[in-house]
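Residue numbers for the sequence shown, in this note's numbering: 2 to 443. From the three backbone atoms N, C-alpha and C, an ideal C-beta is built for every residue, glycine too. A short write-up of the structure that comes next.
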Amino acid sequence: MKLKQLFLVILLAANSGAQAADLLETFHAAQANDPVFAAARATQQAGQEKLSQGRSLLAPSISFSANSTFNDLTTQYNPAVPPIFTGGENRYNSHGYGVTLVQPLLRQQNWLAYSESELQAAQAGMQLKIAEQDLILRVAQAYFDVLIAQDSVQLVEAQKIAISEQLEQAKRNFEVGSATITDTLEAQARYDLTGAQLIAAQNNLEIKRSALQQLINAMPKELKPLGKELTLVSPQPADMEKWVETAQLNNLQLAIAQAGAEIAEKEVTRNRGGHYPTVDLVANYSQTNANGGSFGVGTDTTNKSVGVQLNIPLFQGGAVNSKWREAEANHERAKQELENARRNVAQQTRQAYLGVVSGIAQVNALQQALASSESVLEASKLGHEVGVRTNLDVLNAQQQLFSTRRDLYQAQYNYLLSQLRLKQAVGSLGEDDLSKANQALH
């Protein structure tokens with residue numbers, strides 16, 4: 002069997018599944034089943050509640066209270082009291098209820114807490130977007146890991162078949178006396194080594210399939226492989242620093258760090274206001290009923306009041322100043338984390354950009370190397386037939402061809418992943434980008 006025919010048979014076998022899943026289908030399955038993304042959705046929902054909690058600090062609060070009390074009262078008047086008052090023991094029940102409304106009028110800390118809650122809700126939304134982008138990359142990585150593992154198994158199987166043919170030829174040549182036993186031993190050693198490599202490749206495939214299964218909560222079916230003709234697209238604009246500038250403006254991790262710094266700054270102001278006065282509108286309604294009392298008669302009391310209450314904190318054991326200093330330290334920490342995020346984003350953007358550019362060059366170089374390796378193998382086989390090349394030369398040429406083909410597959414997958422990482426770095430990675438990568442499959 003010719004080597005090119007062998008590759009064609011393997012390719013057809015790989016594409017025989019009519020219901021093969023593609024990258025988008027796998028991503029949608031992961032969206033519905035990945036626990037990490039589900040946890041991120043729940044975190045986002047919890048974060049949105051921060052806004053309602055902050056808004057509640059500006060709204061009125063209403064409280065209701067009620068009581069019922071049994072009283073056992075003993076009264077004894079001194080001689081100076083007129084005789085119309087008689088002492089004695091009174092037992093009676095009293096009960097009542099009250100409603101109190103408090104509307105904050107001047108509470109600087111509450112306004113600052115509300116503005117912080119807006120930033121916290123925005124952070125929760127950005128964290129969900131980050132989780133979705135992370136899921137896209139995790140799905141693409143796991144999908145391509147399965148594909149390269151499948152490619153490795155198929156390549157090792159093809160290599161094993163090719164070596165077995167070379168082994169049979171070496172045995173026939175030895176039997177007729179046109180070759181030495183060394184050729185047979187070399188081919189046998191390569192055949193045995195390839196058998197061990199096949200076991201390792203099959204084991205690696207199961208591991209990669211299990212990793213994908215963890216994302217979609219189902220054993221992955223046949224996956225659509227990479228197309229024969231992969232279109233290589235250079236980043237536009239072709240200027241790395243412009244990509245870095247875009248990332249500094251739109252990267253989601255950087256935006257979260259920026260919001261964190263703003264929250265920390267507001268926390269400093271809020272804690273500094275611990276000594277500031279507060280003004281509240283207070284309204285109260287209460288009613289009390291008692292069927293007895295100190296004079297032996299019951300009473301029904303209704304009280305209504307509306308007023309403005311001023312509160313000036315004077316001293317709280319040093320807690321206010323301590324919280325202020327704590328907030329100052331946290332603000333400095335947040336500023337340093339923001340600077341670190343800026344540097345990390347710049348580095349990640351440059352790395353992703355270079356990954357795309359170098360990936361294109363590497364794929365092109367390996368495609369040329371593959372063509373050269375095929376020529377070397379054909380020349381080595383022809384040379385072996387005419388006696389100017391040894392069996393070892395043919396085996397080495399086969400090894401080089403299979404290694405080059407595997408490296409080419411890996412470079413193509415890395416190129417596609419680098420494109421996605423570059424989009425993530427500038428904050429624009431979405432399902433549309435995954436759809437473009439999906440078009441490379443067939």
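Opposite L311 in the DSSP bridges: which residues?
-> The residue you call residue 311 lines up with position 310 of the sequence shown. BP columns for L311 point to V280.
Would you give the residue range spanned by the beta strand (DSSP E) that E90 belongs to?
-> Within the sequence shown, the letter at position 89 stands for residue 90. G89 to L107 is the extent of the beta strand (DSSP E) around E90.
Can you give the Cα-Cα distance for V157 and Q189, rounded to whole angstroms?
-> Position 156 of the sequence shown, counted from the start, is the residue given in the question as residue 157. Position 188 of the sequence shown, counted from the start, is the residue given in the question as residue 189. Between V157 and Q189, the C-alpha separation is close to 15 Å.
Which one or two residues does DSSP pair with F71 in a beta bridge?
-> To locate residue 71, count along the sequence shown from 1; it is residue 70. Note: F71 sits in a beta bridge opposite N94.
Indicate whether Q49 and A260 have their beta-carbon atoms separated by less than 7 Å.
-> Here residue 49 refers to the residue found at position 48 of the sequence shown. Here residue 260 refers to the residue found at position 259 of the sequence shown. Result no, Cβ atoms of Q49 and A260 do not sit closer than 7 Å.
Could you say if the region 335 to 342 and the region 125 to 134 meet the contact criterion of at least three C-beta pairs nearer than 8 Å?
-> Segments in contact, no.
Any idea what DSSP makes of N290, helix, strand or coil?
-> Within the sequence shown, the letter at position 289 stands for residue 290. Strand.
CB contact flag (N68, G97, <7 Å) = For this step, residue 68 is matched to residue 67 along the sequence shown. For this step, residue 97 is matched to residue 96 along the sequence shown. Their beta carbons are under 7 Å apart, which means N68 touches G97 by this criterion.
Do three or more CB pairs link the region 420 to 427 to the region 158 to 174 at distances below 8 Å?
-> No, because fewer than three Cβ pairs between the region 420 to 427 and the region 158 to 174 fall closer than 8 Å, the two stretches do not touch.
Neighbourhood of Y192 by C-beta, 8 Å cutoff - its chain only, sequence neighbours within 5 removed | Reading the sequence shown from its first residue, position 191 is the one you call residue 192. For Y192, same chain residues with a beta-carbon under 8 Å away, outside a window of 5 residues either side, are K161, I164, S165 and L168 in chain order.
Would you call the CB atoms of T405 and S376 closer than 7 Å?
-> If you number the sequence shown from 1, residue 405 lands on position 404. If you number the sequence shown from 1, residue 376 lands on position 375. With respect to the 7 Å criterion, T405 and S376 are not classified as neighbours on the basis of their beta carbons.
Whole-Å CB distance - Q128 paired with A40, under 8 Å assumed = As a first step, residue 128 is located in the sequence shown; it is residue number 127 there, counting from the start. As a first step, residue 40 is located in the sequence shown; it is residue number 39 there, counting from the start. Taking 8 Å as the upper bound for CB-CB distance, Q128 and A40 are not in contact here, some 11 Å apart.
Beta-carbon proximity of T350 to V245, cut-off 7 Å | Walking along the sequence shown from the start, residue 350 turns up at place 349. Walking along the sequence shown from the start, residue 245 turns up at place 244. Cβ atoms of T350 and V245: closer than 7 Å.
Within its chain, find whatever has a CB closer than 6 Å to the CB of V154; leave out the 5 residues flanking it on each side and keep chain order.
-> Counting from one through the sequence shown, the residue named residue 154 turns up at place 153. Within the same chain, V154 has close Cβ partners A202, Q203 and L206.
I think A31 touches I257, with their Cβ atoms under 8 Å apart; what is that distance to the nearest whole Å?
-> Position 30 of the sequence shown, counted from the first residue, corresponds to residue 31. Position 256 of the sequence shown, counted from the first residue, corresponds to residue 257. In fact, because the Cβ distance is near 23 Å, the residues do not count as touching under 8 Å.
Taking all protein chains shown into account, do 16 or more other C-beta atoms lie within 10 angstroms of the C-beta of S17, making it buried, or fewer, making it exposed?
-> In the sequence shown, counting from the first residue as 1, residue 17 sits at position 16. A caution first: S17 carries a pLDDT of 46, below 50, which makes its placement in the model unreliable, though a value can still be read off. So S17 counts as exposed.
Member of N290, N312 and P314 whose CA lies at the smallest distance from the CA of T1 | The first residue shown for the chain is 2 and the last is 443, placing residue 1 beyond what the model contains.
Could you pull out every residue in the same chain whose Cβ sits closer than 8 Å to the Cβ of M220, ignoring the five residues on either side in sequence?
-> Residue mapping note: residue 220 aligns to position 219 of the sequence shown, counting from 1. If we look at M220 and ignore the five residues flanking it on each side, its Cβ neighbours are R210 and Q214.
How would you label F403, buried or exposed, when you count the other beta carbons within 10 angstroms and need 16 or more for buried?
-> Within the sequence shown, the letter at position 402 stands for residue 403. Looking at its Cβ environment, which holds 16 or more other Cβ atoms inside 10 Å, F403 is buried.
Got a sec? Which residues, its chain only, sit under 8 Å from D23 by beta carbon, not counting five neighbours each side?
-> Against the sequence shown, residue 23 aligns to sequence position 22. Cβ neighbours of D23 beyond the five flanking positions: L224, K225, N439 and L442.
Minimum C-alpha distance to E340 - residue among G431, V103 and A262 | In the sequence shown, the residue the question calls residue 340 occupies position 339. If we check each option's Cα against that of E340, A262 comes out closest.
Using CA coordinates, which residue listed in R273, Q151, Q348 and A353 is at the minimum distance from E327?
-> Taking the sequence shown and counting its residues from 1, one reaches residue 327 at position 326. Residue nearest to E327 within the set R273, Q151, Q348 and A353 is R273 (criterion: CA-CA distance).
N-terminal and C-terminal residue of the alpha helix (DSSP H) that P36 is part of = Start at 1 with the first residue of the sequence shown, and residue 36 comes out as number 35. Where P36 is concerned, the enclosing alpha helix (DSSP H) stretches over P36 to S57.
With 16 other Cβ atoms within 10 Å as the buried cut-off, status of S436 = As a position in the sequence shown, residue 436 is number 435, starting the count at 1. Classification for S436: exposed.
Is the beta carbon of L255 less than 7 Å from the beta carbon of A122?
-> Walking along the sequence shown from the start, residue 255 turns up at place 254. Walking along the sequence shown from the start, residue 122 turns up at place 121. Cβ atoms of L255 and A122: not closer than 7 Å.
Boundaries (first-last residue) of the alpha helix (DSSP H) holding G196 = In the sequence shown, residue 196 corresponds to position 195, counting from 1. If you look at G196, you'll find it in the alpha helix (DSSP H) that goes I182 to I217.
Which residues bound the alpha helix (DSSP H) around N439?
-> Counted from its first residue, the sequence shown places residue 439 at position 438. Residues E432 to N439.
Out of V309, D433 and D146, point me to the one whose CA is closest to I208's CA.
-> As a position in the sequence shown, residue 208 is number 207, starting the count at 1. Proximity to I208 across V309, D433 and D146 peaks at D146, based on C-alpha coordinates.
Can you grab the Cα-Cα spacing for the pair N174 / L396, in whole Å?
-> Walking along the sequence shown from the start, residue 174 turns up at place 173. Walking along the sequence shown from the start, residue 396 turns up at place 395. When rounded, the distance between both Cα atoms is 16 Å.
Please name the residue in E379, Q368 and F38 whose C-alpha comes closest to that of P230.
-> The residue given as residue 230 occupies position 229 in the sequence shown. The sequence given here places Glu at residue 230; Pro does not occur at that position. Comparing Cα positions, the closest option is Q368.
Distance, Cα to Cα, L58 vs A265?
-> Sequence index remark: in the sequence shown, residue 58 carries index 57 (1-based). Sequence index remark: in the sequence shown, residue 265 carries index 264 (1-based). Separation of L58 and A265 (C-alpha to C-alpha, rounded to the nearest whole angstrom) is 19 Å.
Can you name, in chain order, every residue of its own chain whose Cβ lies under 7 Å from the Cβ of H276, other than the five neighbours on each side?
-> For the purposes of this step, residue 276 is taken as the residue at position 275 of the sequence shown. Leaving aside the five residues that flank H276 on each side, the residues in its chain whose CB is nearer than 7 Å to its CB run, in chain order, P314 and V321.
Between which two residues does the alpha helix (DSSP H) harbouring G360 extend?
-> As a working mapping, residue 360 is identified with position 359 in the sequence shown. Note, G360: alpha helix (DSSP H), A320 to V387.
Cβ of T300 within 7 Å of Cβ of L113?
-> For the purposes of this step, residue 300 is taken as the residue at position 299 of the sequence shown. For the purposes of this step, residue 113 is taken as the residue at position 112 of the sequence shown. Result no, Cβ atoms of T300 and L113 do not sit closer than 7 Å.
Where the alpha helix (DSSP H) through Q317 begins and ends = In the sequence shown, residue 317 corresponds to position 316, counting from 1. No alpha helix (DSSP H) contains Q317, which DSSP labels as neither H nor E.
Coil, strand or helix - D240 by DSSP | Working through the sequence shown from its first residue, we reach residue 240 at position 239. Three-state DSSP puts D240 in coil, outside helix and strand.
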